[in-house]
Amino acid sequence: MSKEIKNVDMVIIGGGPAGITAAIYAARAKMNMILLENQILGGQVRSSYTIENYPGFKNIEGSELADLMVEQARNLGANIDEADPLVNVKLSDEHKEIETDKYIYITQSVIIATGATPRKLPIKNEEKFNGKGVHYCAVCDGAVYGGSVIGVVGGGNSALEEALFLTKFASKVIMIRRYDYFNGEKTTMEEVLKNPKIEIMYKWELVDVDGDRFVERAIIKNTDTGEQKELQLDAVFGYIGTEPKTELFKDYITLDDRKYIITNENMETNIRGVYAAGDIRQKQFRQITTAVADGTIAALAAEKYIAGLKKI
1 MSKEIKNVDM
11 VIIGGGPAGI
21 TAAIYAARAK
31 MNMILLENQI
41 LGGQVRSSYT
51 IENYPGFKNI
61 EGSELADLMV
71 EQARNLGANI
81 DEADPLVNVK
91 LSDEHKEIET
101 DKYIYITQSV
111 IIATGATPRK
121 LPIKNEEKFN
131 GKGVHYCAVC
141 DGAVYGGSVI
151 GVVGGGNSAL
161 EEALFLTKFA
171 SKVIMIRRYD
181 YFNGEKTTME
191 EVLKNPKIEI
201 MYKWELVDVD
211 GDRFVERAII
221 KNTDTGEQKE
231 LQLDAVFGYI
241 GTEPKTELFK
251 DYITLDDRKY
261 IITNENMETN
271 IRGVYAAGDI
281 RQKQFRQITT
291 AVADGTIAAL
301 AAEKYIAGLK
311 KI
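Structural data, given as structure tokens:
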């Protein structure tokens, strides 16, 4: 059976802060648009326990901020589809086609805001214990480890914030850090250092995890001496960076050597009428505020592009 074809002005792919912001601007401009997100609206923001650096809020839970963003977009008339997975795309200067399970969208502009996914821990038993002691989202999975010993691997803000969150449940959180420093915000680092439930193991790296059906121990190695030893713990949460979700677009869009989309300051890609916003694109800083800015610029640039087409 052939799929129904729908003609729209704009397709936004991804429902994180960048995509939702683009939808807000597109809806306010009364554009015929749709936002496609078949996983979770709010993106990585939703998995943040607490946010203290978003203007207007002294402190807000990530899930609450995500809900407010989605509510605002919908109240403005944004068309959001959460139940129709993306299947394929065809992108060129002249033709833009977005195929989902149910429909084929022929559109004048596309905003790619699919974000990034946590990079998996580079250990032999990652796949065996994924979801059984190896995790990447403390808000999603931390509560099941009440009274347990939990390892956290990483040295950036995410690792620090999630370690703090996990102290709500764990009897002890062990931070496994391959260097002798962290890269996070000073206030967050200070909180971690003074938390009695957190132990920091500088200059150690995770080699592997092991156990019967679930993780029971971690094998770690000292980065100076090469010494290896086992840690008895119940789970390991990894925060070693992210990987962009660009697989569907790689045949059309120019990517950098890390597979992030290359854009100019107006979020324009190498294809006219196709934009990228948020964590999916090549840039130095990846914050909620920068994602929101990207979404704003992409939507305004797309609106201007569509207006120019209508004058032809």
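According to UniProt numbering, the stretch in the sequence shown is residues 1 to 312, in order.
Beta carbons are placed, not taken as given, at the ideal position from N, Cα and C, and that holds for glycine.
Run of the beta strand (DSSP E) containing residue i, from where it starts to where it stops
{"i": "residue 7", "result": "4–13"}
{"i": "residue 108", "result": "103–112"}
{"i": "residue 217", "result": "215–222"}
{"i": "residue 210", "result": "204–211"}
{"i": "residue 97", "result": "96–100"}
{"i": "residue 151", "result": "149–153"}
{"i": "residue 116", "result": "116–118"}
{"i": "residue 36", "result": "33–36"}
{"i": "residue 237", "result": "235–238"}
{"i": "residue 232", "result": "228–232"}
{"i": "residue 274", "result": "274–276"}
{"i": "residue 75", "result": "That residue, residue 75, is in no beta strand (DSSP E); its alpha helix (DSSP H) goes 62–75."}
{"i": "residue 79", "result": "That residue, residue 79, is in no beta strand (DSSP E); it is neither H nor E in DSSP."}
{"i": "residue 121", "result": "Taken as a continuous stretch (DSSP letters only), residue 121 belongs to no beta strand (DSSP E), as it is neither H nor E."}
Same chain, Cβ closer than 8 Å to residue i, five either side skipped, listed in chain order
{"i": "residue 296", "result": "21, 22 and 25"}
{"i": "residue 193", "result": "200"}
{"i": "residue 33", "result": "8, 9, 10, 11, 12, 23, 26, 27, 78 and 79"}
{"i": "residue 178", "result": "155, 203, 204, 205 and 223"}
{"i": "residue 305", "result": "108, 109, 272 and 273"}
{"i": "residue 57", "result": "51 and 65"}
{"i": "residue 189", "result": "160 and 182"}
CB of residue i within 9 Å of CB of residue j, strictly
{"i": "residue 266", "j": "residue 260", "result": "no"}
{"i": "residue 73", "j": "residue 35", "result": "yes"}
{"i": "residue 87", "j": "residue 110", "result": "no"}
{"i": "residue 253", "j": "residue 264", "result": "no"}
{"i": "residue 215", "j": "residue 132", "result": "yes"}
Beta-carbon proximity list for residue i, same chain, < 7 Å, skipping 5 on both sides
{"i": "residue 70", "result": "20, 41 and 42"}
{"i": "residue 300", "result": "25"}
{"i": "residue 47", "result": "62, 137, 139 and 140"}
{"i": "residue 45", "result": "16, 17, 62, 65, 66 and 288"}
{"i": "residue 268", "result": "275 and 301"}
{"i": "residue 231", "result": "151, 174, 217, 218 and 220"}
{"i": "residue 195", "result": "164 and 167"}
Where the alpha helix (DSSP H) containing residue i begins and where it ends
{"i": "residue 126", "result": "126–129"}
{"i": "residue 19", "result": "17–28"}
{"i": "residue 187", "result": "186–194"}
{"i": "residue 250", "result": "Run containing residue 250: none; DSSP gives neither H nor E here."}
{"i": "residue 139", "result": "138–141"}
{"i": "residue 293", "result": "288–311"}
{"i": "residue 45", "result": "Premise fails: residue 45 is in no alpha helix (DSSP H) and is neither H nor E."}
{"i": "residue 161", "result": "157–166"}
Same chain, Cβ closer than 6 Å to residue i, five either side skipped, listed in chain order
{"i": "residue 165", "result": "49 and 138"}
{"i": "residue 13", "result": "36, 112 and 114"}
{"i": "residue 7", "result": "106"}
{"i": "residue 279", "result": "115, 116 and 286"}
{"i": "residue 54", "result": "288"}
With 16 other Cβ atoms within 10 Å as the buried cut-off, status of residue i
{"i": "residue 273", "result": "buried"}
{"i": "residue 146", "result": "exposed"}
{"i": "residue 144", "result": "exposed"}
{"i": "residue 2", "result": "exposed"}
{"i": "residue 184", "result": "buried"}
{"i": "residue 180", "result": "exposed"}
{"i": "residue 142", "result": "buried"}
{"i": "residue 98", "result": "buried"}
{"i": "residue 129", "result": "buried"}
{"i": "residue 255", "result": "buried"}
{"i": "residue 309", "result": "exposed"}
{"i": "residue 246", "result": "buried"}
{"i": "residue 213", "result": "exposed"}
{"i": "residue 171", "result": "exposed"}
{"i": "residue 161", "result": "buried"}
{"i": "residue 303", "result": "buried"}
{"i": "residue 244", "result": "buried"}
{"i": "residue 307", "result": "exposed"}
{"i": "residue 187", "result": "exposed"}
{"i": "residue 176", "result": "buried"}
{"i": "residue 5", "result": "exposed"}
Cβ of residue i within 9 Å of any chain D Cβ
{"i": "residue 95", "result": "Absent here is chain D; the protein component of the structure consists of one chain."}
Q: Evaluate contact between the stretch 82–101 and the stretch 281–299, counting only Cβ atoms and requiring at least three cross-stretch pairs below 8 Å.
A: no
Q. Any chance the stretch 118–127 sits against the stretch 205–224, with 3 or more Cβ pairs inside 8 Å?
A. yes
Q | At least 3 beta-carbon pairs within less than 8 Å: the stretch 129–146 vs the stretch 233–252 | A | yes
Q) Can we say the stretch 137–152 touches the stretch 226–235, given the rule of at least three CB pairs closer than 8 Å? A) yes
Q. Is it true that the stretch 75–82 meets the stretch 59–66, where meeting means three or more beta-carbon pairs spaced less than 8 Å apart?
A. no
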